[in-house]
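Protein chains in written order, with the working numbering: chain S, 17 to 127; chain V, 754 to 864. Just below is one structure, and these are the notes that go with it.
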Amino acid sequence: RKEVEQDPGPFNVPEGATVAFNCTYSNSASQSFFWYRQDCRKEPKLLMSVYSSGNEDGRFTAQLNRASQYISLLIRDSKLSDSATYLCVVNVGGGGNKLTFGTGTQLKVEL
Amino acid sequence: ETGVTQSPTHLIKTRGQQVTLRCSSQSGHNTVSWYQQALGQGPQFIFQYYREEENGRGNFPPRFSGLQFPNYSSELNVNALELDDSALYLCASSLQGGEAFFGQGTRLTVV
């Protein structure tokens, strides 16, 4: 079983749609959680951290369920510029940033 | 711009050769992590350096080795290159426990 599992997609959605991505992780000792965005042939960039209380940044909402070891990302009012691969990332901790990435979910927003 | 620079950006090597990839970390960051991203996969943690010492290693063979210098820049060395080593190699710099900032990566092709 992979440490971080995501549906690879692609998710093809029309502009303005709401889309949700899900992710599960296997290590119950994981301490911090993130969503990264990666554009084609570019480096990953931090989109947002994820907390149990949930957090929102504009059109993006992230949620963590520690009991189910489940992380979600909701994108409202999708824009063409949201087209990218979204990576679910977990940090088991123990010092430093040894990040474990999922395979990523590809999103294509279309006119 | 993250302030993390990697060189070279692209590289073609022959199977069996050795390669050295370089990373300059963001000013003030004392931790550098290296990741390998194969096509269609998420980045995989290779190892991390903190204050010139290896501080954790992923599931990679000993022919993957590294160094961190007093100015916190880093090198990744790969010996006896194999075709499967073809990937995007990403360097991330951070403070211990802080947000990781990625460089643009080095795309290595082994033929």
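Beta carbons: idealized from backbone N, C-alpha and C, even for Gly.
Which residue marks the beginning of the beta strand (DSSP E) containing residue i, and which one marks its end?
i: S:PHE49; result: 48–54
i: V:LEU843; result: 840–847
i: S:GLU21; result: 20–22
i: V:ARG860; result: 859–863
i: S:VAL66; result: 61–66
Count the other CB atoms within 10 Å of the CB of residue i; is the residue buried (16 or more) or exposed (fewer)?
i: S:ASP93; result: exposed
i: V:SER827; result: buried
i: S:ARG53; result: buried
i: V:HIS782; result: buried
i: S:ILE9; result: Given that chain S is displayed from residue 17 to residue 127, the structure contains no residue 9 of chain S and the question cannot be resolved.
i: S:ASN43; result: exposed
i: V:ASP838; result: buried
What residues of chain S sit near residue i, judged by a beta carbon separation below 9 Å?
i: V:PHE798; result: LYS114, LEU115, THR116 and PHE117
i: V:GLY942; result: What is shown of chain V runs 754 to 864, which leaves residue 942 of chain V out entirely.
i: V:GLY858; result: ARG57, LYS58 and GLU59
Which chain V residues are close to residue i, counting only those with a beta carbon under 8 Å from its beta carbon?
i: S:PRO176; result: Nothing in the structure corresponds to residue 176 of chain S, since chain S is present only between 17 and 127.
i: S:LEU96; result: Result: empty, since nearest Cβ-Cβ is about 23 Å, beyond 8 Å.
List the residues of chain S whose Cβ lies closer than 7 Å to the Cβ of residue i, in chain order.
i: V:GLU852; result: LEU62
Strictly below 7 Å CB to CB, what residues from chain V border residue i?
i: S:GLY120; result: GLY795
Starting from the beta carbon of residue i, find every residue of chain V whose beta carbon is closer than 9 Å, and list them in chain order.
i: S:LEU103; result: GLY795 and PRO796
Could you list which residues in chain S have their beta carbon closer than 8 Å to that of residue i, in chain order?
i: V:SER786; result: GLY112, ASN113, LYS114 and LEU115
So does the segment 818–827 of chain V actually touch the segment 72–81 of chain S, counting three or more Cβ pairs closer than 8 Å? The answer is no - the segment 72–81 of chain S does not touch the segment 818–827 of chain V, with fewer than three Cβ pairs under 8 Å.
* Cβ pair count under 8 Å reaching 3, the segment 53–67 of chain S against the segment 849–858 of chain V -> Taking 8 Å as the limit for Cβ pairs, the verdict is that the segment 849–858 of chain V does touch the segment 53–67 of chain S.
How about the segment 35–50 of chain S and the segment 97–106 of chain S: do they share at least three Cβ pairs that are nearer than 8 Å? As far as the Cβ criterion goes, the segment 35–50 of chain S touches the segment 97–106 of chain S, which means the pair count is three or higher.
- Message: For the pair the segment 794–801 of chain V and the segment 116–124 of chain S, tell me if three or more CB-CB distances fall below 8 Å.
- Response: Between the segment 794–801 of chain V and the segment 116–124 of chain S there are three or more inter-stretch CB-CB distances shorter than 8 Å, so the stretches are counted as touching.
Checklist entry - Using 8 Å as the threshold, is the segment 776–792 of chain V in touch with the segment 836–843 of chain V, meaning 3 or more CB pairs across them? => result Under the three-pair Cβ rule at 8 Å, the segment 776–792 of chain V counts as touching the segment 836–843 of chain V.
Item to complete: Decide if the segment 85–99 of chain S is in contact with the segment 65–77 of chain S; the criterion is three or more beta carbon pairs, one per stretch, under 8 Å apart.
Response: Yes, the segment 85–99 of chain S is in contact with the segment 65–77 of chain S.
Query - Uninterrupted alpha helix (DSSP H) stretches inside the segment 777–832 of chain V (no shorter than 4 residues) - result: Scanning the segment 777–832 of chain V from its first residue to its last, no whole alpha helix (DSSP H) run of 4-plus residues comes out.
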